[in-house]
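Undergrad: If you're matching positions, the sequence shown starts at 1 in full-length UniProt numbering and goes up one per residue. For glycine and all other residues, C-beta sits at the position ideal for the given N, C-alpha and C. Below: one structure in structure tokens.
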Amino acid sequence: MPKKALSKKHIEEIKNLLLENKAKIESTLQSISNEHDSLSNMDLNDEADFAAASRDYTNDTHIKNQQLKELSLINHALLKIENGTYTGLCEMCDSEITIKRLRVKPHAKYCIDCRNYIDKEKVSIA
Ligand SMILES: [Zn+2]
1 MPKKALSKKH IEEIKNLLLE NKAKIESTLQ SISNEHDSLS NMDLNDEADF AAASRDYTND
61 THIKNQQLKE LSLINHALLK IENGTYTGLC EMCDSEITIK RLRVKPHAKY CIDCRNYIDK
121 EKVSIA
């Protein structure tokens, strides 16, 4: 079966989505780091305050790590679009990642089957 790479039009659409998501993530990361700056300038006398603040901090760190991971996948996809190697095909099995899936998750590197396999097997390649 011939591999069906994405059309130029679809690649353009994915590129715009990637750029949009990238801008969103960068602003989220920016606001998290601003919050942390103000947090470290705060006077946390109360133990409860401190507990609440550090709970937020842990939460933010978790979000931040996720966002950073997504950002690197977005940059990976954008780079491939830039140098013309982006196909929209799964990087593991070469099958088509549907445009429907890419619209939801434009930085997806794998088709849904491979994604499920990776999640199930806890293969650390994502
Ligand atoms: Zn696949």
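Tell me the DSSP secondary structure of residue 6 in three-state form.
TA: Position 6 of the sequence shown, counted from the first residue, corresponds to residue 6. Residue 6 falls in the coil class under three-state DSSP.
Undergrad: Please classify residue 116 as buried or exposed, where buried requires at least 16 neighbouring CB atoms within 10 angstroms.
TA: For the purposes of this step, residue 116 is taken as residue 116 along the sequence shown, with counting starting at 1. Residue 116 comes out exposed.
Undergrad: Would you kindly report the start and end of the unbroken alpha helix (DSSP H) that includes residue 111?
TA: What you label residue 111 is simply residue 111 of the sequence shown in a count that begins at 1. Counting along the chain, residue 111 falls outside any alpha helix (DSSP H), and DSSP gives it neither H nor E.
Undergrad: What I want to know is whether the C-beta of residue 110 ends up closer than 8 Å to one or more non-hydrogen atoms of ligand 1.
TA: If you number the sequence shown from 1, residue 110 lands on position 110. Yes; taking the cut-off as 8 Å, the Cβ of residue 110 has a heavy atom of ligand 1 nearer than that.
Undergrad: Taking only three categories from DSSP, how would you classify residue 121?
TA: For the purposes of this step, residue 121 is taken as the residue at position 121 of the sequence shown. In this structure, residue 121 counts as helix in the three-state DSSP scheme.
Undergrad: I'd like the list of long-range same chain contacts for residue 63, defined as Cβ closer than 8 Å, with 5 residues on each side in sequence excluded.
TA: Taking the sequence shown and counting its residues from 1, the one referred to as residue 63 is at position 63. The residues are 28 and 32.
Undergrad: Our contact map puts residue 88 next to residue 74 with C-beta atoms below 8 Å; I'd like the distance itself, whole angstroms only.
TA: As a position in the sequence shown, residue 88 is number 88, starting the count at 1. As a position in the sequence shown, residue 74 is number 74, starting the count at 1. With a Cβ gap of about 14 Å, residue 88 and residue 74 do not count as contacting.
Undergrad: Could you please give the first and the last residue of the uninterrupted alpha helix (DSSP H) stretch that includes residue 63?
TA: One-based indexing of the sequence shown puts residue 63 at position 63. 47-82 is the span of the alpha helix (DSSP H), which, as asked, contains residue 63.
Undergrad: Hey, how far is the Cα of residue 39 from the Cα of residue 66?
TA: As a first step, residue 39 must be located in the sequence shown, where it is residue number 39. As a first step, residue 66 must be located in the sequence shown, where it is residue number 66. If I take the Cα positions, the gap works out to 21 Å.
Undergrad: Cβ of residue 119 within 8 Å of any heavy atom in ligand 1?
TA: Here residue 119 is taken as the residue at index 119 of the sequence shown, counted from 1. Incorrect: residue 119 has no Cβ contact closer than 8 Å to ligand 1.
Undergrad: Give the range of the alpha helix (DSSP H) segment to which residue 100 is assigned.
TA: Working through the sequence shown from its first residue, we reach residue 100 at position 100. Its alpha helix (DSSP H) spans residues 99-104.
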